[in-house]
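The structure appears right after this line, and notes come after that.
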Amino acid sequence: MIADKMKPVLVGAAAIARMFAEGDEQRKEFGADNVFDFSIGNPNVPAPPEVDTAIRHELDTEDPVFLHGYTPTAGYTDVREAVAAHLNNEFGAGYQMKDIIMTPGAGAALVATFYTLLDPGDDILVFAPYFLAYGNYAGMFGGRLTVVPPDTDTFQPDLSKMEELIGPRTKAVLINSPNNPSGVVYSAETLTAIAAVMEKKQKEFGHTIALISDEPYRELVYDADVEVPFVPDFYKNTIVEYSFSKTLSLPGDRIGYIAFTHGMDEEDDLIAAAGAAIVNMGITNAPSLTQRVAAQCLDFKVDVGIYKKNRDELMKGLSEIGYDFAEPQGAFYLFIKTPGGDDKKFCEVASKHHVLVSAGSSFGCPGYARVSYCVAYDTIVRSMPAFRKIWDEMA
189 MIADKMKPVL
199 VGAAAIARMF
209 AEGDEQRKEF
219 GADNVFDFSI
229 GNPNVPAPPE
239 VDTAIRHELD
249 TEDPVFLHGY
259 TPTAGYTDVR
269 EAVAAHLNNE
279 FGAGYQMKDI
289 IMTPGAGAAL
299 VATFYTLLDP
309 GDDILVFAPY
319 FLAYGNYAGM
329 FGGRLTVVPP
339 DTDTFQPDLS
349 KMEELIGPRT
359 KAVLINSPNN
369 PSGVVYSAET
379 LTAIAAVMEK
389 KQKEFGHTIA
399 LISDEPYREL
409 VYDADVEVPF
419 VPDFYKNTIV
429 EYSFSKTLSL
439 PGDRIGYIAF
449 THGMDEEDDL
459 IAAAGAAIVN
469 MGITNAPSLT
479 QRVAAQCLDF
489 KVDVGIYKKN
499 RDELMKGLSE
509 IGYDFAEPQG
519 AFYLFIKTPG
529 GDDKKFCEVA
539 SKHHVLVSAG
549 SSFGCPGYAR
559 VSYCVAYDTI
569 VRSMPAFRKI
579 WDEMA
């Protein structure tokens, strides 16, 4: 009964569903304290107190009919003005209100952008490892992913392979920095090189190639010497997809935005098409209350020090056992090389020891596993004997 186009989507959907279900099943059977669930990127750090203050302020001061009513498709005008002003103050950008569309998180932003850009047979170029849902998003519109294989020494994009793989049907290059699952931040040098390749290919093929920057982890970096470059500074035709899910620990409240670089090619048509895409997707508008709260909390973020403490403890414990990994500069994932090389078997063995992690194959990078450290610090400490048992069985 289901459409043929949905059949490949079920594979990814089943993998995500299994992540949630397996954790629940093991906790029921063995007890929550005996299960070490590192499978999901669900923030465990509380939202900043300013979020609760903003919610109460809105509830106490706004007319409830207004507060809970429909908003313009692109979002409240004053909220979009606030987002544009924040980006301009933070990065010296030149956004206007019209360049911003509020969305229910970065996932909806990406789907709307793909809807806007893709005809059947078009492709989006991505760098492995990449977030597993990208392919499903593209496939909704007859698009496909062209995957640049990973450079597992640095997890920076392989630029020579990128140039080989961009073709006449490439509508966009999609990057994610800080990266899920590697935690690597793409350097200014890397972004300069990506932009140079894209400028060259635009001229070669005679059409605009968008650079889509997926940025839910933009503020989640740990060390003073790590800077997350502002992608539109490097390439004019950049579309930023942003979510407050991680920055403000609001994954269940679904709020984010699309930011079209002011002056990019065909900007007005792109904005109009993205607005139409949101309507056609059945979204109507981003959540009303959460829009207003986000606008008041643009200068705040969660306590990143909690994630840094988790990262450092996890790296220390796993490196002492013998695990190999690239040190994550941001996000909240450690991408470990699986002993023996078989990441799916590694996840099976880990599950037997009540450690739940995600196979690197799901992210286009076999032989690795993603360990999400947005968990209680005590969970990391207590999980080390289990990780050692997995190592002893797999190495």
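Take any residue in the sequence shown, note its place counting from 1, add 188, and you have its number in the numbering used here.
Idealized CB from N, CA, C, for every residue including glycine.
Extent of the continuous alpha helix (DSSP H) run through residue i
i      : result
Tyr565 : 565 to 582
Glu454 : From DSSP, Glu454 is part of no alpha helix (DSSP H); its letter is neither H nor E.
Asp248 : 237 to 249
Asn277 : 265 to 279
Pro252 : 252 to 255
Residue i and residue j closer than 7 Å at C-beta
i      : j      : result
Leu313 : Thr334 : yes
Arg558 : Pro338 : no
Glu210 : Arg480 : no
Pro417 : Ala465 : no
Phe315 : Val336 : yes
Val419 : Gly518 : no
Asn473 : Tyr561 : no
Pro475 : Arg442 : yes
Ala297 : Gly444 : yes
Met572 : Gly510 : no
Ile400 : Met386 : no
Leu544 : Cys485 : no
Pro584 : Gly330 : What is shown of the chain runs 189 to 583, which leaves residue 584 out entirely.
His488 : Pro234 : One detail in the question is off: residue 488 reads as Phe in this sequence, not His. Contact: no.
Gly548 : Asp531 : yes
Phe448 : Thr380 : no
Thr261 : Val428 : no
Met582 : Phe534 : yes
His542 : Phe218 : yes
Ile578 : Val537 : yes
Thr304 : Ala462 : yes
Asn425 : Asp457 : no
Phe551 : Pro317 : yes
Beta-ladder partner(s) of residue i, from DSSP
i      : result
Ser401 : Ile363, Val428
Met285 : In DSSP, Met285 forms no bridge with anything.
Phe393 : Bridge partners of Phe393: none, in fact.
Ser560 : Tyr521
Leu544 : Asp225
Thr291 : Gly444
Thr358 : Asp311
Val409 : Gly518
Cβ-based burial, residue i [other Cβ within 10 Å; buried from 16]
i      : result
Leu198 : exposed
Tyr521 : buried
Phe226 : buried
Lys388 : exposed
Pro516 : buried
Met584 : Past the boundaries of the shown model lies residue 584; the chain is included only from 189 to 583, so the question cannot be answered.
Gly364 : Looking at the sequence provided, one finds Asn at residue 364 rather than Gly. Buried.
Phe254 : exposed
Arg268 : buried
Ser507 : exposed
Asp311 : buried
Gly295 : buried
Ala564 : exposed
Asn277 : exposed
Tyr242 : Correcting the residue identity first, residue 242 is Ala in this sequence and not Tyr. Looking at its Cβ environment, which holds 16 or more other Cβ atoms inside 10 Å, Ala242 is buried.
Lys434 : buried
Asp402 : buried
Thr265 : exposed
Asn222 : exposed
Asn493 : A quick correction: the sequence has Gly, not Asn, at residue 493. Classification of Gly493: exposed, given that the 10 Å Cβ count is below 16.
Asp413 : exposed
Tyr283 : buried
Within-7 Å CB hit, residue i to chain B
i      : result
Val253 : Given the protein chain composition of this structure (a single chain), no chain B is represented.
Residue i CB to nearest heavy atom of the ligand HEM below 6 Å
i      : result
Asp346 : As presented, the structure is devoid of all ligands, the ligand HEM included, so that no description of it is given.
Please give me, in chain order, every unbroken run of the alpha helix (DSSP H) with length at least 4 that falls completely inside the segment 479 to 533. 492 to 509
In chain order, which beta strand (DSSP E) runs of at least 3 residues are fully inside the segment 309 to 353? 311 to 315, 332 to 336
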